[in-house]
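Number of protein chains: 2
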Amino acid sequence: MKQVTIKDIARAAGVSYSTVSRSLSGSPEISEKTRKRVLELCREMNYTANTVARSMVMKSTKLLGLIVTDISNPFMSELAYYIDGQARARGYNIVLCNSLRSLEQERSLFELMISRKVDGVILLPAESESYNTLESLLPRMPTIFVGENLRDVPESFVTVDNYRGAYMGVEYLYRLGHRRILYFGKRKGSTTHQLRSEGYRAACEELGLEPRYMNNTFSSTSIRNGYQLAQQLFSQPLRETAVFAATDTNALGILQAAEEKGIRIPEDLSLLGFDNIRDSGLPRIGLTTVEQPKKLLASMAVDSLLDKIANDQAGYTHRILTPSLVERTTCRAVSRA
Amino acid sequence: MKQVTIKDIARAAGVSYSTVSRSLSGSPEISEKTRKRVLELCREMNYTANTVARSMVMKSTKLLGLIVTDISNPFMSELAYYIDGQARARGYNIVLCNSLRSLEQERSLFELMISRKVDGVILLPAESESYNTLESLLPRMPTIFVGENLRDVPESFVTVDNYRGAYMGVEYLYRLGHRRILYFGKRKGSTTHQLRSEGYRAACEELGLEPRYMNNTFSSTSIRNGYQLAQQLFSQPLRETAVFAATDTNALGILQAAEEKGIRIPEDLSLLGFDNIRDSGLPRIGLTTVEQPKKLLASMAVDSLLDKIANDQAGYTHRILTPSLVERTTCRAVSRA
DNA sequence: ATAGTCTTCGGAAACGTTTGAGCTGCGAAA
DNA sequence: TTTCGCAGCTCAAACGTTTCCGAAGACTAT
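Written out as structure tokens, the structure is:
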């Protein structure tokens, strides 16, 4: 697997190797005749440019780091899909890393990305504290956070409007006739959850409802977590007619627990999620939920990052996308008896 | 974001830059005193080695290409998760690409990987013909195919034993009392599906059952495809008591169609899948299915690839893993009335 | 014919690292 | 005292590109 270099074809074509380089890059100062001959030789000799050598001199690898907590999570893998698409359209490739939701891992991966000289990194932070852990490294690598609202932090991010999404969610349930709505899931910790629960509270106050929380103390938001908490919830009679889950994964856990307890959804209880992960659209599940515009999130993330790379001095941008509600089958109208 | 190089520290430490390099790499011919001073300086000056320069001279990027058809597919994202874990444990990073199930895309991505000088590529092929499209490129890059059985092709692959898995599946249904079992899904095209349907047929013959196929002519295996085909299936009275879906995604489509037709699963019809994607374990779905050992698949893929990279001359390896059956709730025992 | 301009190409430096070969000084063996 | 070996370091080449600068030749204008 030895390399055929630009010098080899230069020798074969009887020109200098700078001429070959220029031929390949489409420089105008090369005659059609020699260019043709060079390109011909390249094909014959199976030449492929060595990108790492090019990166060396160009000081750009055309690589973007993508650090996620867990690529097997459906939300992240879908995001990764779109990010790769957009990046590739812009001439970049993705180097993927899983931080496993560990701040140390995350930091060490970030350093690795610096060492690898990727042009920038897209970070789905492990926790809201990620910014603090990484702060000292950030000046050395253009970075964009996605999914977390870093409010008054001087770094770029793109996220959905979690506050508004939650607000929309309770409005929706209100219109269906629900007056007792439980908020289920994490409340503290990440700004994401903080904003969602704030939006919930604000909507409740606006509509004259009494807010009630059921807090998940677990740090991870797997289905299992939601399931365990939901078991607790269902161990005593339910006051509410609807529950608003902080994430779709939580909602899935509720679904499971409800199934086991014989609680029918939506007949006995309406269930609303947040994120619209792919699982939610599956048959038999049909979770109605407030959707994060994942494709848009992805393309804005890479566009913002590429902008930042292009003009280094430019400050930071905060982009906040508006969510939308997708109706499926887990919420139903309720008569106000 | 300008770079602190090895020369900067050399100047600061008052030594030559080769001394710095040797200090960093733990070479024995450097005195403890100078090594200490150098390392100290590195920390102070925020030095991080430039990996691309190193790759240049070492002729190794410590990068592995991972080409999948669609990272948002739960099977592949789970595999990618394990692959990344194993690769990182071995000192490698992953550059991820989506071929979008297109042979041209796949080929162009493969060329890109060879231009990027990744040390090897792990390929989840777009089609069984992928080998033909890539054949001319293969000698130029260590590659391992995963998921497809390339039988008599001189390239390495690792896959599950699809034949045996299908065989096990019908045996399982037989033991539950089922005598009329429909095979549902793709049959031609990929060797994967060919082997599965062969395993089904063999088991049927062995057990004295009459095989019946319902073939999916669509090239992609999305839920929607399974759904459409299942609608067709349910438009006339069912002769079978069980259906064996070629993939879990197909099974999910059947589930959806059944739901709409009012066909209860497993009461009216037992359903068995293949792959054990994460979705199958979801509440309300609980698809029983034959499982591909994804974690093992992943670690064998990277181990095999790394072996191949280490000794280039070594031939190829074919590894075929045995599947297992995971019981959930979509199959039930049937009385032989 | 001379000067000037353009076109087309070659030479060489630079990117940041690793590493083989060579150099220096010091202690020990002869 | 001379020679040798060795520890500890420096020099310089090499990896495969891109690109600035300059040179040679052809062509045009005077």
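Protein chains in written order, with the working numbering: chain A, 939 to 1275; chain B, 939 to 1275.
C-beta: ideal position from N, C-alpha, C; glycine also.
Evaluate residue i with the Cβ neighbour count: other Cβ atoms within 10 Å of its Cβ, from every protein chain shown; 16 or more gives buried, anything less gives exposed.
i, result
"Asn-1214 (chain A)", "buried"
"Asn-984 (chain A)", "exposed"
"Thr-1260 (chain B)", "exposed"
"Thr-1137 (chain B)", "This sequence places Gly at residue 1137 (chain B); Thr is not what is there. So Gly-1137 (chain B) counts as buried."
"Asn-1031 (chain A)", "buried"
"Asn-1087 (chain B)", "buried"
"Lys-971 (chain A)", "exposed"
"Lys-997 (chain B)", "exposed"
"Pro-1221 (chain B)", "buried"
"Gly-995 (chain A)", "Note that residue 995 (chain A) is Val in the sequence shown, not Gly. Flag for Val-995 (chain A) reads exposed."
"Asn-988 (chain A)", "buried"
"Arg-1134 (chain B)", "buried"
"Ile-1060 (chain B)", "buried"
"Ala-1027 (chain A)", "exposed"
"Arg-1113 (chain A)", "exposed"
"Ser-961 (chain A)", "buried"
"Gly-1003 (chain A)", "buried"
Could you give the residue range of the beta strand (DSSP E) that holds residue i?
i, result
"Arg-973 (chain B)", "Careful: Arg-973 (chain B) lies outside any beta strand (DSSP E), inside the alpha helix (DSSP H) at 970 to 982."
"Thr-1081 (chain B)", "1081 to 1084"
"Tyr-1151 (chain A)", "1150 to 1153"
"Leu-1034 (chain A)", "1031 to 1036"
"Gly-1003 (chain B)", "1001 to 1006"
"Val-1264 (chain B)", "1262 to 1264"
What are the partner residues of residue i, as DSSP defines its beta bridges?
i, result
"Ala-1180 (chain B)", "B:Ile-1119 and B:Ser-1208"
"Ser-1094 (chain B)", "B:Ile-1082"
"Glu-1279 (chain B)", "Residue 1279 (chain B) lies beyond the residue range present for chain B, which begins at 939 and ends at 1275; the question has no answer from this structure."
Just verifying my parser: in three-state terms, what is the DSSP assignment at residue i?
i, result
"Ser-1135 (chain B)", "helix"
"Asn-1214 (chain B)", "coil"
"Val-942 (chain A)", "coil"
"Ile-1287 (chain A)", "With chain A represented from 939 up to 1275, any question about residue 1287 (chain A) goes unanswered, as that position is not in the structure."
"Val-953 (chain B)", "coil"
"Leu-1114 (chain B)", "coil"
"Leu-1061 (chain B)", "strand"
"Pro-966 (chain A)", "coil"
"Arg-1026 (chain B)", "helix"
"Cys-1142 (chain A)", "helix"
"Ile-1201 (chain A)", "coil"
"Asn-1188 (chain A)", "helix"
"Leu-1075 (chain A)", "coil"
"Ala-1252 (chain A)", "coil"
"Thr-1130 (chain B)", "helix"
"Val-1272 (chain A)", "coil"
"Lys-1246 (chain A)", "helix"
"Ser-1089 (chain A)", "The identity of residue 1089 (chain A) in the sequence shown is Arg, whereas the question assumes Ser. Reduced to three states, the DSSP call for Arg-1089 (chain A) is coil."
"Asp-1099 (chain B)", "coil"
"Leu-1147 (chain B)", "coil"
Give the range of the alpha helix (DSSP H) segment to which residue i is assigned.
i, result
"Arg-887 (chain B)", "Since the first residue of chain B shown is 939 and the last is 1275, residue 887 (chain B) is not available in this structure."
"Ile-1009 (chain B)", "Per DSSP, Ile-1009 (chain B) belongs to no alpha helix (DSSP H) and is neither H nor E."
"Tyr-1069 (chain A)", "1068 to 1072"
"Tyr-985 (chain A)", "No alpha helix (DSSP H) holds Tyr-985 (chain A); DSSP gives it neither H nor E."
"Ser-998 (chain B)", "Looking at the DSSP string, Ser-998 (chain B) is not in any alpha helix (DSSP H), and its letter there is neither H nor E."
"Leu-1047 (chain B)", "1041 to 1054"
"Ala-1168 (chain A)", "1161 to 1172"
* Quick one, which residues of the stretch 1133 to 1149 of chain A are near chain B if we go by CB-CB under 9 Å, in chain order? -> none
* To do: For the stretch 1005 to 1029 of chain A, enumerate the residues whose C-beta is nearer than 9 Å to any C-beta of chain B, in chain order.
  => Asp-1008, Ile-1009, Ser-1010, Asn-1011, Pro-1012, Met-1014, Ser-1015, Glu-1016, Leu-1017, Ala-1018, Tyr-1019, Tyr-1020, Asp-1022, Gly-1023 and Arg-1026
* Taking only beta carbons into account, state which residues of the stretch 1033 to 1053 of chain B come closer than 8 Å to chain A, listed in chain order. => Val-1033, Leu-1034, Cys-1035, Asn-1036, Glu-1049, Leu-1050, Ile-1052 and Ser-1053
* Looking at chain B, which residues of the stretch 1229 to 1243 of chain A have a Cβ within less than 7 Å of any of its Cβ atoms? -> none
* To do: Select from the stretch 982 to 1002 of chain A all residues with a C-beta closer than 8 Å to any C-beta belonging to chain B, and list them in chain order.
  => Asn-984, Thr-986, Ala-987, Asn-988, Thr-989, Val-990, Ala-991, Ser-993, Met-994, Thr-999 and Leu-1001
* Along the stretch 1166 to 1191 of chain A, what residues have a CB closer than 8 Å to any CB found in chain B? -> Leu-1190 and Gly-1191
* Residues of the stretch 1193 to 1205 of chain A with a CB closer than 7 Å to any CB of chain B: list them in chain order, please. => Leu-1193, Gln-1194 and Glu-1197
* **Interface residues of the stretch 1212 to 1223 of chain B facing chain A [CB-CB below 8 Å]** => Arg-1216, Asp-1217, Leu-1220, Pro-1221, Arg-1222 and Ile-1223
* To do: Anything in the stretch 964 to 983 of chain A with a Cβ closer than 8 Å to a Cβ of chain B? List those residues in chain order, please.
  => none
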